[in-house]
Amino acid sequence: YLIIGQTLYNFMSESTTQAIFSIIGNASLLKKTYVPKYVFTVSKITSSFVNMVFALGALVIVFVVCRVVPNVFYLFIPVILLQEYLFCLGLGMLLAQGCVFFRDIQHIYNAVLTAWMYLTPLFYPITLLPEALRKLVMTLNPSDRAGMPDAGSVPDSGWICGSRSGTSDWSVGILKDAG
């Protein structure tokens, strides 16, 4: 489980960090010709997604070698990957647009990513958190493991709320880019 969670977190971290620089890094191209700005952000996040799919492919080989028995909840993996992709797309667009006006976002975001990693219960059981913080993490943290296939239960309302969060971030990022 740790490897899957770390792979998903690394995708989120890599894609959004690359997205921050997607518009600034292509400023000369944007000045010379008309290209929709969101194309650069989408390409960075999609390339990170492809990297993650290859990493998960290698993980499948490890599962076969270690004789991990898949269960029915593995069928939720494509839905989880889509949710993560949409979340990263929206967050990446917001960060890329914000970094155009406020360059310090890139440095602040690195600190936020560190805190986010420690608030995501990958390295410790979520039961170690106080009840109030546990509910907050399970509801708002899209990297939380609630609803992951290995948890052995059907995704719950926290997972659905995370899906709504990912979709709303994507929608806000698209609308903000269009405006």
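In the working numbering, the protein residues as written are 1 to 179. Cβ coordinates follow ideal geometry from the N, Cα and C atoms, glycine included.
How far does the alpha helix (DSSP H) with CYS88 in it reach, from first residue to last?
Working through the sequence shown from its first residue, we reach residue 88 at position 88. Here the alpha helix (DSSP H) through CYS88 covers 77 to 101.
Quick test of your reading: CYS88 and THR16, contact by CB under 8 Å. State the CB separation rounded to the nearest angstrom.
Against the sequence shown, residue 88 aligns to sequence position 88. Against the sequence shown, residue 16 aligns to sequence position 16. The Cβ separation is near 6 Å, so the contact holds.
For THR41 and MET93, believed in contact at Cβ under 8 Å, the rounded distance
Indexing the sequence shown from 1 puts residue 93 at position 93. Indexing the sequence shown from 1 puts residue 41 at position 41. Right, the Cβ-Cβ distance comes to about 5 Å (below 8 Å), so this counts as a contact.
Using the rule of at least 16 other Cβ atoms within 10 Å of the residue's Cβ for burial, across every protein chain shown, is THR120 buried or exposed?
Working through the sequence shown from its first residue, we reach residue 120 at position 120. It counts as buried.
Cβ neighbour criterion (16 or more within 10 Å) applied to VAL137
The residue given as residue 137 occupies position 137 in the sequence shown. That one is buried.
Counting C-beta neighbours from all protein chains within 10 Å, is the total for ALA58 16 or more, i.e. buried, or is it exposed?
In the sequence shown, the residue the question calls residue 58 occupies position 58. Flag for ALA58 reads exposed.
Where does ALA132 land, buried or exposed, given buried means 16+ other C-beta within 10 angstroms?
If you number the sequence shown from 1, residue 132 lands on position 132. The residue in question, ALA132, is exposed, as its Cβ has fewer than 16 Cβ neighbours within 10 Å.
Do the CB positions of LYS32 and ILE23 come within less than 8 Å of each other?
Residue 32 sits at position 32 when you count from the first residue of the sequence shown. Residue 23 sits at position 23 when you count from the first residue of the sequence shown. Contact flag unset, no.
Inter-residue spacing [alpha-carbon to alpha-carbon] between LEU20 and GLU14:
As a position in the sequence shown, residue 20 is number 20, starting the count at 1. As a position in the sequence shown, residue 14 is number 14, starting the count at 1. According to the sequence provided, residue 20 is Ile. The question's Leu does not apply to it. Distance between the alpha carbons of ILE20 and GLU14: 10 Å.
Which of helix, strand or coil does DSSP assign to TYR38?
Working through the sequence shown from its first residue, we reach residue 38 at position 38. Three-state result, TYR38: helix.
Alpha carbon to alpha carbon, what distance is there between LEU29 and VAL35?
Translated into positions along the sequence shown, residue 35 becomes position 35. Translated into positions along the sequence shown, residue 29 becomes position 29. For VAL35 and LEU29, the distance between alpha carbons rounds to 8 Å.
Segment limits, alpha helix (DSSP H) that includes ARG134:
Here residue 134 refers to the residue found at position 134 when the sequence shown is read from its first residue. ARG134 -> alpha helix (DSSP H) spans 131 to 140.
Please classify ALA96 as buried or exposed, where buried requires at least 16 neighbouring CB atoms within 10 angstroms.
For the purposes of this step, residue 96 is taken as residue 96 along the sequence shown, with counting starting at 1. ALA96 is buried by the Cβ-count criterion.
Work out the CA separation of ASP104 and LEU2 for me, nearest whole Å.
For the purposes of this step, residue 2 is identified with residue 2 of the sequence shown, where counting begins at 1. For the purposes of this step, residue 104 is identified with residue 104 of the sequence shown, where counting begins at 1. Distance between the alpha carbons of LEU2 and ASP104 is about 32 Å.
Looking at THR7 and MET229, is the spacing between their C-beta atoms short of 8 Å?
Summary: the structure shown does not reach residue 229, with the chain confined to residues 1 through 179, and so no result is reported for it.
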